[in-house]
Amino acid sequence: MTPASNTHSAAAAHNVLSQFAATGVQSCFHGRHLQPQILAGLDGSNWRLKDYEARGGYQALKKILGLDGAVPTGSPVVPGMTPDQVIAEVKASGLRGRGGAGFPTGLKWSFMPRQFPGQKYLVCNSDEGEPGTCKDRDIMQYNPHSVIEGMAIAAYAMGISVGYNYIHGEIFATYQRFEEALEEARAAGFLGDRILGSGFSFQLHASHGFGAYICGEETALLESLEGKKGQPRFKPPFPASFGLYGKPTTINNTETFAAVPWIIRNGGQAFLEVGKPNNGGTKIYSVSGDVELPGNYEVPLGTPFSKLLELAGGVRKGRTLKAVIPGGSSAPVLPAAIMMECTMDYDSIAKAGSMLGSGAVIVMDDSRCMVESLKRLSYFYMHESCGQCTPCREGTGWLWRMVDRIHNGHGKPSDLDLLNSVADNIQGRTICALGDAAAMPVRAMIKHFRHEFEAMIPQKTPQAEQV
Ligand SMILES: Cc1cc2nc3c(=O)[nH]c(=O)nc-3n(C[C@H](O)[C@H](O)[C@H](O)COP(=O)(O)O)c2cc1C
Ligand code: SF4
Numbered sequence: 018m019t020p021a022s023n024t025h026s027a028a029a030a031h032n033v034l035s036q037f038a039a040t041g042v043q044s045c046f047h048g049r050h051l052q053p054q055i056l057a058g059l060d061g062s063n064w065r066l067k068d069y070e071a072r073g074g075y076q077a078l079k080k081i082l083g084l085d086g087a088v089p090t091g092s093p094v095v096p097g098m099t100p101d102q103v104i105a106e107v108k109a110s111g112l113r114g115r116g117g118a119g120f121p122t123g124l125k126w127s128f129m130p131r132q133f134p135g136q137k138y139l140v141c142n143s144d145e146g147e148p149g150t151c152k153d154r155d156i157m158q159y160n161p162h163s164v165i166e167g168m169a170i171a172a173y174a175m176g177i178s179v180g181y182n183y184i185h186g187e188i189f190a191t192y193q194r195f196e197e198a199l200e201e202a203r204a205a206g207f208l209g210d211r212i213l214g215s216g217f218s219f220q221l222h223a224s225h226g227f228g229a230y231i232c233g234e235e236t237a238l239l240e241s242l243e244g245k246k247g248q249p250r251f252k253p254p255f256p257a258s259f260g261l262y263g264k265p266t267t268i269n270n271t272e273t274f275a276a277v278p279w280i281i282r283n284g285g286q287a288f289l290e291v292g293k294p295n296n297g298g299t300k301i302y303s304v305s306g307d308v309e310l311p312g313n314y315e316v317p318l319g320t321p322f323s324k325l326l327e328l329a330g331g332v333r334k335g336r337t338l339k340a341v342i343p344g345g346s347s348a349p350v351l352p353a354a355i356m357m358e359c360t361m362d363y364d365s366i367a368k369a370g371s372m373l374g375s376g377a378v379i380v381m382d383d384s385r386c387m388v389e390s391l392k393r394l395s396y397f398y399m400h401e402s403c404g405q406c407t408p409c410r411e412g413t414g415w416l417w418r419m420v421d422r423i424h425n426g427h428g429k430p431s432d433l434d435l436l437n438s439v440a441d442n443i444q445g446r447t448i449c450a451l452g453d454a455a456a457m458p459v460r461a462m463i464k465h466f467r468h469e470f471e472a473m474i475p476q477k478t479p480q481a482e483q484v
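What follows is the structure in structure tokens.
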């Protein structure tokens, strides 16, 4: 390739990418949220500490430390909530991890061996590499102190004195913004030694990755944070017993931490009631694909999908809904008819046969070819496999090559069964869940849209297929 064509292709790539660059207007300042908690009142410029405090920020941290009322000078500060009470409140809230698996946050916090004598760590997972997901970057860009306060509360609850926020490498401006917010919080005494004069100390640092999807998997993230190649570890042991530098570690997603201050300010029960049983609070959905107004939408868990679609402006004009991937590219696709009956919460989407995942809602209209879509997804997983385990390293390549040949008109009638069989041989047989994430979309696409795959396969006799 000549230098000129190199420059040309870089410019072309920039042009394509700039179409998708979030300006904020589309992403989260459209005002089309329902009962927002994390994105409430944001306008893009009010991310600083003074703005956050004006919105009630750091009140929750003051509340647990017993500093929300007037403390007479010289009298000892009595904590407003004990660590056990904070964990109990988070358990009562029904908050489930917003990073993908939906694991109950309070329960995860209770796994931390608080009496462990050595160093313990708190880690925020801001790697956000799941295709379709773009919420954590908006939280860090426009409301960074909500994450800092949430992490400080979590650290207090688990007796942790050091934390890291691991931020995706390709959003460097967001990493810089977060560093600025950290400086503000330290200067105001919300981070550091003896926070606000209390007996609680917490040092928080930001660290950035280099854009590998696998570094979002919690143990690969820990390896990367330690300066090693980002490859997942075998579990068990889980990070709660063997985490960062081999020490007890709790890892949560950015949005999970950002939800915590609201819970402490308003109570776990109030948070639970915003959502539905076992699915407390609001969730930020990154709605993308064939809708009129793609962007981030914060709505209560349990909101009907049809309402979310309406907020996002509906399906592109002149088109009808064909299918939806409800929770990021790792989640199985669901046909329109099933989605239109679903509410957007962990249990309802699981019952329908998919996952709420990270909340990236990829909307596909009737112009989409499912074979082509699966080809694109399979290429992603093949490319992002870290290569440690054979079923994933080899299997993701097989999946992509088979879907590619079907798409190119060279598929064989037996390919669909073979695709399912390869997916079966990956799922549940790998070190981390990337293998499952590669396999599940294949099975769901074939289950719901088999006719589209069959239509692309030249129908040969079994004898001709041998040739
Ligand atoms: C391949 C892979 C990629 C992942 N990427 C992310 C990510 O970008 N952000 C995230 O929070 N969790 C990601 N996860 C899930 C994390 O491993 C972990 O479960 C999560 O950070 C826990 O936080 P939560 O309990 O608050 O959801 C990923 C998991 C896998 C298997
Ligand atoms: S499943 Fe894939 S990404 Fe995960 S450890 Fe194995 S090879 Fe690496």
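Each number in our numbering comes from the position in the sequence shown (counting from 1) with 17 added on.
Yeah, the Cβ is synthetic: ideal placement off N, Cα and C, and Gly gets one too.
Cβ neighbour criterion (16 or more within 10 Å) applied to residue i
i: Tyr181; result: buried
i: Gln52; result: exposed
i: Arg194; result: buried
i: His427; result: exposed
i: Ser62; result: exposed
i: Phe322; result: buried
i: Asn296; result: buried
i: Gly412; result: buried
i: Leu124; result: exposed
i: Lys152; result: buried
i: Arg467; result: exposed
i: Val388; result: buried
i: Glu358; result: exposed
i: Gly487; result: With the chain running from 18 to 484 in the structure shown, residue 487 is simply not present.
i: Pro408; result: buried
i: Pro475; result: exposed
i: Asn425; result: exposed
Contact test: residue i Cβ vs ligand 1 heavy atom, cutoff 6 Å
i: Asp441; result: no
i: Leu84; result: no
i: Ile268; result: yes
i: Asn142; result: yes
i: Gly146; result: yes
i: Leu451; result: yes
i: Glu235; result: yes
i: Pro117; result: First, the residue type needs correcting, since residue 117 is Gly and not Pro in the sequence shown. Yes, ligand 1 has a heavy atom inside 6 Å of this Cβ.
i: Gly114; result: yes
i: Phe227; result: no
According to DSSP, residues forming a beta bridge with residue i
i: Gly345; result: Pro343
i: His225; result: Ile184
i: Asn313; result: Ser303
i: Met8; result: With the chain covering only 18 through 484, there is no way to say anything about residue 8.
i: Gly209; result: Phe219
i: Val308; result: Val332
i: Cys141; result: Asn182, Asn269
i: Pro321; result: Thr360
i: Arg113; result: Pro121
i: Leu351; result: Val341
i: Lys293; result: Asn296
Distance CB(residue i)-CB(residue j) smaller than 7 Å
i: Glu12; j: Arg115; result: Since the first residue of the chain shown is 18 and the last is 484, residue 12 is not available in this structure.
i: Ala172; j: Glu196; result: no
i: Ala169; j: Phe219; result: yes
i: Thr267; j: Met129; result: yes
i: Asp382; j: Val332; result: yes
i: Lys80; j: Gly97; result: yes
i: Arg72; j: Gly58; result: yes
i: Gly345; j: Glu147; result: yes
i: Gly452; j: Ile463; result: no
i: Cys141; j: Asn313; result: no
i: Arg393; j: Ser402; result: no
i: Ile423; j: Met473; result: yes
i: Arg385; j: Lys429; result: no
Residue i Cβ short of 6 Å to ligand 2 heavy atom set
i: Gly445; result: no
i: Leu239; result: no
i: Gly412; result: no
i: Cys403; result: yes
i: Ile448; result: yes
i: Ile342; result: no
Contact with chain C by residue i, beta-carbon distance below 7 Å
i: Pro311; result: No chain C appears in the structure shown, which is made up of a single protein chain.
Could you say if the segment 450-469 and the segment 343-350 meet the contact criterion of at least three C-beta pairs nearer than 8 Å? yes
query = Pairing CB atoms from the segment 383-403 with CB atoms from the segment 227-235, are three or more of them under 8 Å?
reply = The segment 227-235 and the segment 383-403 touch, with three or more beta-carbon pairs separated by less than 8 Å.
Worksheet item: Quick one: any contact between the segment 362-377 and the segment 291-310, if contact means 3 or more CB pairs under 8 Å?
Response: Contact between the segment 362-377 and the segment 291-310 is present: 3 or more CB-CB pairs across the two stretches fall below 8 Å.
For the structure I just gave you, are there three or more beta carbon pairs, one from the segment 308-321 and one from the segment 136-150, closer than 8 Å?
no
Can you find at least 3 beta carbon pairs, one from the segment 201-213 and one from the segment 160-169, that sit closer than 8 Å?
yes
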